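The next block holds one structure in the form of C-alpha cells; read it before the comments.
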Amino acid sequence: MLGEAGVDGGSLAQELGLDLAKIQDPGERLQSDPVIHLLNRTAVTFGDSIFGARIGRDYQPGRLGILDYLFLTSGNLDNALETVAKYNIVAADYGAYEYQKNSSDRRAAMIRTMPGEVDYTHAELFVVSWQLTMARHATGRDLRSARIELSQLASATHRDLLEALGVKSIEYGCPAATLSLSWDDLRLPLLGADPLLAAVLQRHADSRRPASPGWPAKVRAYLAAGLADRNMTLEVAARDLTVSPRSLQEYLHLAGTSWRAELASARDGLAIELLRSSSLPVSAIAYRVGFSDARSFRRAFRRQNGCSPDEYRRGVPLLD
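Number 315 in UniProt numbering belongs to position 315 of the sequence shown; there are no gaps in the numbering.
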C-alpha cells in the first residue's frame, strides 16, 4: 500500500525496526503497533495530515487477504459490512467494529472504536477510507451520500479530506470512526457476489479466529457494579481488570462485541429498570446510569430504543 502512494516503505520500516514484508503479507494478521507507527511516521515524513485517507482511497482490494475477499463475495453491501464486523479480528488486532442499524433514519453505521492511548489519526482515516473504497469497488457506485464521523477534531484540511473521501460532509469530535450508509445503498448487490465461495471463506476465517478468554461476562459484571461512575472509560476498566485497553478491546471483539457496545447495553438495561421500577426523574436516572446530563442520556436512550425515556415510561406500567 505504501508503494502505491509513492512511499519508500522499506527505508521507513527499517528506520523503525519493523518487518515490512510481514506487514504487507496478506496472509499475516496485522499487528497494531507497527502499522500505526509506520502510518504516523510516513505522514510526518511527507507532511501529509490526511495521509491515512489517501492510502485508503488508493487501496487495491485484496491487500488484506481473506477479509477483502469475504467483503467482495458477499451478496450485498449490508452483508459485506456485517461480515467485516464479524471477521475483522482475523486480519488485524486493533480496535473493534460494530455494525448498527437504525430503522428511524433508515441507515446503518459501521463503527470502529480504537483504544485512546495511541495517536490513531491516520489509522481512523484509513479505516473509513478503506471501507468506502471497498464499498465503491464492490458496488460500482460512488456512494457520495455516505456520512463520515471521526474522533479527531476538525482542522484546516477539512476540504482536502472531503475531496479525498469523496463525501459531502464529515463530523468531528465523535466517539468513534463511523461510516453511515442509507438502506438503499446497503441493498445494492455486489458485482462479485458468490455465495458458495463466501461460505468457504467464512469457514476458513472461522478456523483462524483466535480463541476468546470469555471477557464479556467479566466486563458486564464490572459495569453492573460501577455504572454511576461517569469516568467509566475503556482505559479505567482495563486498569481495574488488569489488562491493557487494546487487549480488552480485542478480547471483546473476539466474542463479537466491544467496550462501546457493552457500556451502552449496560446503561440502557439499568435505565429501563429504573424507568419501570421507580418514579425517579429522568435527570436522576441519567446520573445513576453514568451520564453527565439528561440531554445526552435522552439521545442515547432514543438511539437504543427508538423512543425517549419519557415516552418509554408512559408506555409501561410502574412496577410495584
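C-beta: ideal position from N, C-alpha, C; glycine also.
Here the structure is a predicted model, which is why all the values come from computation and not from measurement.
According to DSSP, is residue i part of a helix, a strand, or is it coil?
{"i": "serine 129", "result": "helix"}
{"i": "lysine 101", "result": "strand"}
{"i": "leucine 143", "result": "coil"}
{"i": "proline 281", "result": "coil"}
{"i": "serine 258", "result": "coil"}
{"i": "glycine 306", "result": "coil"}
{"i": "tyrosine 178", "result": "The sequence shown places threonine at residue 178, not tyrosine. Strand, per DSSP."}
{"i": "arginine 267", "result": "helix"}
{"i": "residue 327", "result": "Residue coverage of the chain in this structure runs from 1 to 320, which leaves residue 327 outside it and unanswerable."}
{"i": "isoleucine 50", "result": "coil"}
Since residue i contacts residue j with CB under 8 Å, what's their CB separation in whole angstroms?
{"i": "serine 308", "j": "phenylalanine 301", "result": "7 Å"}
{"i": "alanine 177", "j": "arginine 112", "result": "4 Å"}
{"i": "residue 366", "j": "histidine 137", "result": "Since the first residue of the chain shown is 1 and the last is 320, residue 366 is not available in this structure."}
{"i": "residue 322", "j": "alanine 237", "result": "Nothing can be reported for residue 322, as the shown portion of the chain is limited to 1 through 320."}
{"i": "arginine 313", "j": "leucine 275", "result": "5 Å"}
{"i": "alanine 53", "j": "alanine 164", "result": "4 Å"}
{"i": "arginine 220", "j": "alanine 266", "result": "7 Å"}
{"i": "leucine 196", "j": "aspartate 78", "result": "With a Cβ gap of about 19 Å, leucine 196 and aspartate 78 do not count as contacting."}
{"i": "leucine 252", "j": "proline 216", "result": "6 Å"}
What residue range does the beta strand (DSSP E) around residue i cover?
{"i": "alanine 83", "result": "According to the sequence provided, residue 83 is threonine. The question's alanine does not apply to it. From DSSP, threonine 83 is part of no beta strand (DSSP E) but of the alpha helix (DSSP H) over 77-91."}
Taking the alpha helix (DSSP H) that residue i belongs to, which residues open and close that run?
{"i": "leucine 64", "result": "Run containing leucine 64: none; DSSP gives neither H nor E here."}
{"i": "arginine 187", "result": "Run containing arginine 187: none; DSSP gives neither H nor E here."}
{"i": "aspartate 58", "result": "Unbroken run through aspartate 58: none, as it is neither H nor E."}
{"i": "alanine 164", "result": "158-165"}
* Which runs of the beta strand (DSSP E) fall wholly inside the region 192-237 and span at least 3 residues, in chain order? -> Secondary structure remark: continuous beta strand (DSSP E) runs of at least 3 residues inside the region 192-237: none found.
* Per the contact definition of three or more C-beta pairs closer than 8 Å, is the region 59-76 in contact with the region 126-146? -> Taking one beta carbon from each stretch, the region 126-146 and the region 59-76 have 3 or more pairs nearer than 8 Å; the two touch.
* To do: Determine, using beta-carbon pairs with one atom in the region 158-166 and one in the region 77-97, whether at least three such pairs fall under 8 Å.
  => Result no; under three Cβ-Cβ pairs closer than 8 Å.
* Asked: So does the region 162-171 actually touch the region 95-111, counting three or more Cβ pairs closer than 8 Å?
  -> Short answer: they don't touch.
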